[in-house]
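Participant: Just remember that this note's numbering sits 55 ahead of the position in the sequence shown, which is counted from 1. Glycine residues also receive a C-beta, built at the ideal position from the N, C-alpha and C atoms. Since we're looking at a predicted model, the values are computed, not measured. Please read through the structure below; I'll follow up with questions.
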Amino acid sequence: MVKEIVRDIFFLGQKSELATKADLQVGKDLQDTLNANREHCVGMAANMIGVKKRVIIVNLGIIDIVMFNPVLTRKDTPYQTEEGCLSLDGVRPTTRYKHIEVEYFDFGWKKQRKKLSDWPAQICQHELDHLEGIII
């Protein structure tokens, strides 16, 4: 189901709680909401649709990937950039890493590990920040 985008800074600034198998619908709602906002959005975190759970979706070019309880396990090659966010107006400076590795659970609740570089890595890091209540 397509959800409304949250713009409440107080809500967005709170840390998200661990997701469970009962939260699989949140991943589907993220897919629907990202599809509805695709022209100005390449990733989302559950708090952006009003759910304080550790679930994100990241566009990897031709596919989107939903990650439940993602954890950044490796990062290297920092760089400075600017980012915008569907929940906020304008752009802000931030530090990102060119290469990352993330562990997460998929829709089948199987543990996965993915290496990301460049733009997909940047998107993933932005969404991981959302889970920590970090507003970019």
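Under a Cβ-count criterion, where at least 16 other Cβ atoms within 10 Å of its own Cβ denotes burial, should Thr128 be classed as buried or exposed?
Facilitator: exposed
Participant: Using beta-carbon positions only, say whether Leu70 and Gly188 come within less than 8 Å of one another.
Facilitator: Reading the sequence as shown, one finds Lys at residue 70 and not Leu. It is a contact, given that the beta carbons lie within the stated cut-off.
Participant: Using a threshold of 8 Å, state whether the C-beta atoms of Leu115 and Met99 are closer than that.
Facilitator: no
Participant: Per the DSSP calculation, Ile155 is bridged to which residue(s)?
Facilitator: BP columns for Ile155 point to Lys130, Leu171.
Participant: Using DSSP bridges, identify the partner residues of Thr136.
Facilitator: Thr149
Participant: Relative to the C-alpha of Gly163, which candidate in Met56, Gly82, Phe65 has its C-alpha closest?
Facilitator: Gly82
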